[in-house]
Amino acid sequence: MGEEIEVIHSWSAPRSLSTSLMYSFAQRNDIEVLDEPLYANFLRVTGVDRPYKEKLRSELENDGNKVVKEVIFGAGVKKYRYCKHIAKQRVPGLTNELMKRGKHFILIRNPLDILPSFEKIVPPSFLELGLAELVSVYSELSESGRAPPVIDAADLRENPEVTLRGLCEDLDIPFQDSMLRWEAGPKPFDGIWAPWWYKSVHKSTGFAPAKKYPMPFPTSLYDLLEQSLPFYNMLKRHARRSSSNYLNSTLPHPSLPVPANEKLLAWVGDEIVPRETAKVSVFDSIVQGGDGVWEGLRVYGGKVFKLEEHLDRMFDSAKALAFSNVPTREEVKEAIFRTLLRNGMFDNAHIRLTLTRGKKVTSGMSPAFNRYGCTLIVLAEWKPPVYDNEKGLMLVTATTRRNSPNNLDSKIHHNNLLNNILAKIEGNNAGADDAIMLDKDGYVSETNATNIFLVKKGRVVTPHADYCLPGITRATVMELVLKESLALEERRISLSEFHTADEVWTTGTMGELSPVVKIDGRIVGDGRVGPITLRLQNAYKNLSKDSGVPIPTYEKS
10 MGEEIEVIHS WSAPRSLSTS LMYSFAQRND IEVLDEPLYA NFLRVTGVDR PYKEKLRSEL
70 ENDGNKVVKE VIFGAGVKKY RYCKHIAKQR VPGLTNELMK RGKHFILIRN PLDILPSFEK
130 IVPPSFLELG LAELVSVYSE LSESGRAPPV IDAADLRENP EVTLRGLCED LDIPFQDSML
190 RWEAGPKPFD GIWAPWWYKS VHKSTGFAPA KKYPMPFPTS LYDLLEQSLP FYNMLKRHAR
250 RSSSNYLNST LPHPSLPVPA NEKLLAWVGD EIVPRETAKV SVFDSIVQGG DGVWEGLRVY
310 GGKVFKLEEH LDRMFDSAKA LAFSNVPTRE EVKEAIFRTL LRNGMFDNAH IRLTLTRGKK
370 VTSGMSPAFN RYGCTLIVLA EWKPPVYDNE KGLMLVTATT RRNSPNNLDS KIHHNNLLNN
430 ILAKIEGNNA GADDAIMLDK DGYVSETNAT NIFLVKKGRV VTPHADYCLP GITRATVMEL
490 VLKESLALEE RRISLSEFHT ADEVWTTGTM GELSPVVKID GRIVGDGRVG PITLRLQNAY
550 KNLSKDSGVP IPTYEKS
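If you count by this note's numbering, then the sequence shown holds residues 10 to 566, one letter each, in order.
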């Protein structure tokens, strides 16, 4: 008489190397295998047609619950029983015991690889693939606190030993070398359907690497591919490791500066989507040429600070770049408010607002290809000021010069930021917080990310906005300087004047008003935040707290 056995459930879509994996587990000395034990019940419930339908139903148990109780969880002679399940065969009416008992894992494969081979036996459809049910299996197990391991067939093919060792570790069973190879030919535990589906796997003796270059994908299956990929991609994000067939797959998963941003929602185009699906088309102008305009906004106490001023500049920039089919001001504001409300972001949040020229009908530089209208992106994040506004910043001077208005007008707030990025690289390499950028004549323009001010003998001085961006925060601080009855001057400023200044600070939406305590190794003032800097920081804080455009429906608790 057999003993109680521990069941390992494998869930997959068809044509996902599930039979090869079943053969792999069958080589173990502590396991017995079942090939799709719920298949007959699936045919009974759904009525779908198969060439072997009558033979299968006449020879296998058709009552799914009986199969679960007597076959899947019945007594056995070995320690483990491996059950290969196709996800779509988990039909309504099956007992909950199926999911509650045993160890479960999910095997996924890219629909690009599944669909062409699937078509050879059965006309493919979304229901036949069963990817939605596979996601449902993952979700149900996760909600019960038993998130199943997920492995990708591409990893199995490329590095079977590493993938199998990892799976065995997740299942808390020892790995056996025998799992890496098997004899060619049919197996006694093959399902009745094997002559129709298993011809290729019967020729195999192990997990063979995928062909380096794939066959053309049938255009007749394009719509089905579009429907299927989101489900595969959702599961792929939970895979033990992403397939090394994809770029950067070996990089470790980075931690986020603010972990709460892992589950944010972003506006892209005309909809709100989760972080991992917040993407633009490869035909979008922002990808093709950095062709877009942007704004940074902050949210304080249920209000968007300087919203109207930022929108003025964004629409001016879009007009200067001759964008067409631009969304209205009210549409942009609506997208901002909806995004903030969906994320529950009413304070200490930053918005990266981007408007691209939009998607093109074909790749190329010409705006004549942009016939879909602009693409609007609202990326709201939990983000405190990005600089240390109490201890201060260290700056170095970059060799990269700020763009001249002879080349590109700095008053256009565009996304083509390579000029600034090159300067930022210099700052990073020097271990500085940011880098000062000079104009073509050697005068200070701004930093790679912010406007800049100095104080000398009580007078506040800032560069002309000829080469630098006329920032919204810059303009706000200039107004505060005058309100505080301080002298203000806009003029050309040499680098040595910053080296010998009494106080220096930078301004920008991301960092607000940030003191600078060292430039090119020279201590600014006495190396501490200066009195005028502190005075203006407090004035800015009070202004941001008291003004701004209210977020609709927000109620202060």
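C-beta: ideal position from N, C-alpha, C; glycine also. These numbers come from a predicted model, not from an experiment.
Excluding five sequence positions before and after Leu69, the CB atoms of its chain that fall closer than 6 Å to its own CB belong to Ala49, given in chain order. At least 8 Å separates the beta-carbon of Ala358 from that of Val387. By alpha-carbon distance to Lys208, the top candidate from Pro183, Met224, Val76 and Ser126 is Ser126. Relative to Asp448, the option among Asp397, Leu504, Ala377 and Ile95 whose CA is nearest is Leu504. Among the bridge pairs identified by DSSP, Phe314 is matched with Arg307. Counted as a single uninterrupted DSSP element, the beta strand (DSSP E) harbouring Ala389 occupies residues Thr384 to Trp391. Bounds of the alpha helix (DSSP H) holding Thr172 are Pro169 to Leu180. Non-local C-beta neighbours of Phe135 in its own chain, meaning closer than 8 Å and more than five positions away in sequence, comprise Ala141, Leu233, Gln236 and Ser237, ordered along the chain. Counting along the chain, Val490 sits inside the alpha helix (DSSP H) bounded by residues Ile481 to Lys492. Taken through DSSP and simplified to helix, strand or coil, Leu244 comes out as helix.
In the three-state DSSP reduction, Tyr231 falls in the helix class (H, G or I). The alpha-carbon of Glu339 is positioned some 18 Å away from that of Arg366. Excluding residues up to 5 positions away in sequence, Lys420 lie with their Cβ nearer than 7 Å to the Cβ of Pro479 in the same chain. The beta carbons of Phe114 and Pro169 sit no closer together than 8 Å. Closest by C-alpha distance to Val486, out of Pro540, Gln546 and Gln98, is Gln546. Of all alpha-carbon atoms in Pro414, Tyr396 and Asp475, the one lying nearest the alpha-carbon of Ala458 is that of Tyr396. Nearest C-alpha to Pro376 among Glu318, Asp300, Gly436 and Glu317: Asp300.
Counting C-beta pairs with one atom in each stretch, the region 104-122 and the region 185-197 have fewer than three that are closer than 8 Å, which means they do not touch. For the options Asp161, Pro268, Asp72 and Ala407, the alpha carbon positioned closest to that of Pro120 is the one of Asp161.
Lys554 is positioned such that its CB atom lies no closer than 8 Å to that of Ala510.
Cβ-Cβ separation between Ile117 and Ala248: approximately 7 Å, consistent with a contact (criterion under 8 Å). Judged by beta-carbon spacing, Ile461 lies within the 8 Å limit of Val453, meaning their Cβ atoms are closer than that value. It is roughly 10 Å from the alpha-carbon of Asp44 to the alpha-carbon of Ala203.
In the structure shown, the three-state DSSP call for Asp325 is helix. Taking a C-beta distance under 8 Å as the contact criterion, Arg544 and Glu499 do not qualify as a contact pair. In its chain, beyond the 5 residues on either side, Arg249 have a beta carbon closer than 6 Å to the beta carbon of Gly175. Contact check for Arg361 against Trp276 fails: the beta carbons are separated by 8 Å or more. Judged by beta-carbon spacing, Ile528 lies within the 8 Å limit of His508, meaning their Cβ atoms are closer than that value.
In summary, Asn412 is buried, with 16 or more beta-carbon neighbours lying within 10 Å of its beta-carbon over all protein chains present. In the assembly as shown, Met224 is an exposed residue. Its beta-carbon has fewer than 16 other beta-carbons within 10 Å. Taking 8 Å as the cut-off, the Cβ atoms of Lys342 and Ile560 do not count as close. Sorting Gly139, Leu47, Tyr549 and Glu455 by C-alpha distance to the C-alpha of Phe240 places Gly139 at the top.
According to the DSSP assignment, Phe378 belongs to no beta strand (DSSP E), since it is labelled neither H nor E. Spatial neighbours of Phe378 in its own chain (CB-CB distance under 7 Å, excluding positions within 5 residues in sequence) are listed in chain order as Lys369, Val370 and Thr371. Per DSSP, the continuous alpha helix (DSSP H) segment holding Asp122 begins and ends at Pro120 to Phe127.
Note that the C-beta distance between Thr516 and Arg537 is not below 8 Å.
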